[in-house]
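Letter 155 of the sequence shown, counting from 1, is numbered 157 in the numbering used here, and no numbers are missing.
For glycine and all other residues, C-beta sits at the position ideal for the given N, C-alpha and C.
Computed from a predicted model, the values in this text were never measured in an experiment.
Report on one structure; see the data block that follows.
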Amino acid sequence: MGDVLLSNQTTVMLVTINETRMFFGSIVRSLLPLCLWGLSVFLILEADAQTIPPRINARMISSFSFKQLYGGGILLRGKLGNYPDSLNFILDTGSGGISLDSATAADLKIGVVPSDITINGIAGSTKAGFIYSQQLRFPGLTLDSLDFYVTDYRILTSFYGEKVNGIIGYTVLKNYVVDLDYDSSMISFYSKGTLKYPEGGFILKPYINFQPFQHAILDDARKIQSNFMFDIGANICLMISSNFDTDSTPIRIGRKRFVKEAEGVGGKIAIQTTVVRKLKLGPYRFRNVPVCVFDDAYNVTSYPYCSGIIGNDLLRRFNIILNYGNREIFLKPNSHFEDSFDYSFTGIDLYFVEGASVIEYITAGSPAEKAGLKEGDTVIGVNHTFSQSLSVLKDALMKTTGNIKVFVLRAGAVMEFQFKAGSIL
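What follows is the structure, given as structure tokens:
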């Protein structure tokens, strides 16, 4: 009986203990996820406090005007070191550094350190020297400790009709937030940080490796999404490599193509020009966009990762904020957004040679050649526009549709030629 009683008591005690364990165990099991969740939140917050810096707002440093060149190029005037005269610099997101024209370096008697570094462009490659630890000054903005590579920019001066003393690219752009307002022709520099963007625009998130690369959608022969260099230094709407053209067939077979010249670092090359039916960049859609197809022998587009270039003749239709530090490019359509593209084709390529606008190249079989115009003719007027400005004459040629009059100097005599401009549409 005692054993039995003892046994019963022991059993009761064991049951009670087990029930107690089960009760508290259930509480622990129910609280454990909450505890673990709280611990994880604490660890995450603690990690964030250690690794995520506080948001820094961008601060305005300086704002000044720029000159817009033919095709939308941006020309900034600044002073190099202690030299008193202002120099002309092209702002170029397609440039991975900062550079100075070799003739300018010679004129300023700046010693250039030779190097074996080769600079590749769409038309060739060239050796570059360097000048180190230079200072560049703009209104309200001083850039110190700049290392310029030095190369020959005579071809760019000839193309724009303005002396090009250098190019400003990634070396400067990476250190600032840069606001480009094409409506007012003003550029503003901010310190690196977060900037409140205006309403009514869109933020691109490009991949940036010295140049920004952004995906866009071509829709012509078929719909293709690919990466393109975002290049405000290229005076074209769209340019694709012949490799991409051959491999992916983005342009409808049978569409007529016209031959013309293009220029860049390394010289001039022949390109084909036509149109693509649709181009979408972010939420923005464009129809019948002029496109150039070129032989990218030096792989400046980094094909197959990148298929081509979106240039400033399209990008100038936006006010743009470049925020490389946050990997952002902000676009907002401006007053040029609805401007029509230039489809006129005359076959004339004008360059600025010894103070005059000279026909350096005429496409075989083009309207200009059939009318009797020749390479070496100096153009002094187009229709009712007479000017010594290369950009004014180029603009008049590109915007003319239908009948056109071109006035030239040949062997000292003024001659007039009339013909009907073609269209790449």
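Buried or exposed (CB count within 10 angstroms, at least 16 for buried), residue i
i    : result
V180 : buried
P35  : Because the pLDDT at P35 is just 48, under 50, the model does not fix this residue reliably, and the value given afterwards should be weighed accordingly. Exposed, because fewer than 16 other Cβ atoms sit within 10 Å of the Cβ of P35.
Y134 : exposed
Y184 : buried
I331 : buried
N211 : exposed
N229 : buried
G99  : buried
Q213 : buried
I119 : exposed
G268 : buried
S190 : buried
P116 : exposed
D5   : Unreliable positioning characterises D5 in this predicted model, as indicated by a pLDDT of 36, which lies under 50. The coordinate reading is nonetheless provided below. The residue in question, D5, is exposed, as its Cβ has fewer than 16 Cβ neighbours within 10 Å.
Y423 : Here residue 423 is Ala; the residue named in the question, Tyr, does not match the sequence. Burial call: buried.
D146 : exposed
Y178 : buried
Y72  : buried
A272 : exposed
Cβ-Cβ distance between residue i and residue j below 8 Å
i    : j    : result
G310 : M241 : yes
L399 : S359 : no
F215 : C308 : yes
L197 : A60  : yes
I275 : S346 : For the sequence presented, residue 275 should be read as Thr rather than Ile. Cβ atoms of T275 and S346: not closer than 8 Å.
I76  : Q70  : yes
L182 : N385 : no
Q136 : T144 : no
I323 : Y199 : yes
S250 : D298 : no
I238 : G313 : yes
T128 : D149 : no
K334 : G202 : yes
A107 : V152 : yes
S187 : F68  : yes
N290 : V302 : no
G374 : F419 : yes
L317 : G74  : yes
P492 : R329 : Within the shown structure, residues of the chain are numbered from 3 to 427, placing residue 492 beyond reach of any answer.
N- and C-terminal bounds of the beta strand (DSSP E) containing residue i
i    : result
P335 : 330 to 335
K280 : 269 to 283
K422 : 415 to 425
S147 : 143 to 153
S359 : 358 to 364
S104 : From DSSP, S104 is part of no beta strand (DSSP E) but of the alpha helix (DSSP H) over 104 to 109.
A264 : 260 to 266
T380 : 380 to 384
G404 : 404 to 412
N84  : No beta strand (DSSP E) contains N84, which DSSP labels as neither H nor E.
I322 : 320 to 325
Beta-carbon proximity list for residue i, same chain, < 6 Å, skipping 5 on both sides
i    : result
V30  : Here the model assigns V30 a pLDDT of 42, short of 50, so the residue's position is not dependable, and the following value carries that caveat. Taken in chain order, the list of residues that qualify is empty.
I169 : I92, D94, S97, S101
G327 : K194
K270 : A125, E263
Y286 : none
D379 : I361, V410, R412
G163 : F354, L392, S393
I219 : Q227, K282
Spatial neighbours of residue i in its chain, beta-carbon cut-off 8 Å, leaving aside the 5 residues before and after
i    : result
D87  : K81
T387 : V394, L395, A398
I255 : A223
D247 : I253, V295
H217 : Q227, S228, N229, F230
Own chain partners of residue i with C-beta closer than 7 Å, once the 5 adjacent residues on each side are dropped
i    : result
E265 : A125, I157, F161
G349 : I364, T365, S368, P369, A370, E371
R139 : G80, K81
P141 : S64, F66
Y85  : L110
Residue(s) in a DSSP beta bridge with residue i
i    : result
N122 : S127
Y192 : M62, V179
H217 : N229
M241 : C294, I311
K372 : Partner(s): none; K372 has no beta bridge.
R224 : Beta-bridge pairing links R224 to no other residue.
Y345 : Partner(s): none; Y345 has no beta bridge.
V166 : DSSP output for V166 lists no bridge partner at all.
P397 : A small correction: the amino acid at residue 397 is Asp; Pro does not occupy that position in the sequence shown. Answer is none; D397 lacks a bridge partner.
Q136 : L148
F354 : S359
I76  : Q70
I212 : According to the sequence displayed, residue 212 carries Phe and not Ile. DSSP lists no partner for F212.
Continuous alpha helix (DSSP H) stretch holding residue i: start and end
i    : result
D298 : Looking at the DSSP string, D298 is not in any alpha helix (DSSP H), and its letter there is neither H nor E.
I157 : 156 to 162
Proximity test, Cβ basis, 8 Å: residue i and chain D
i    : result
G357 : Reference to chain D is not applicable here, since this structure consists of a single protein chain.
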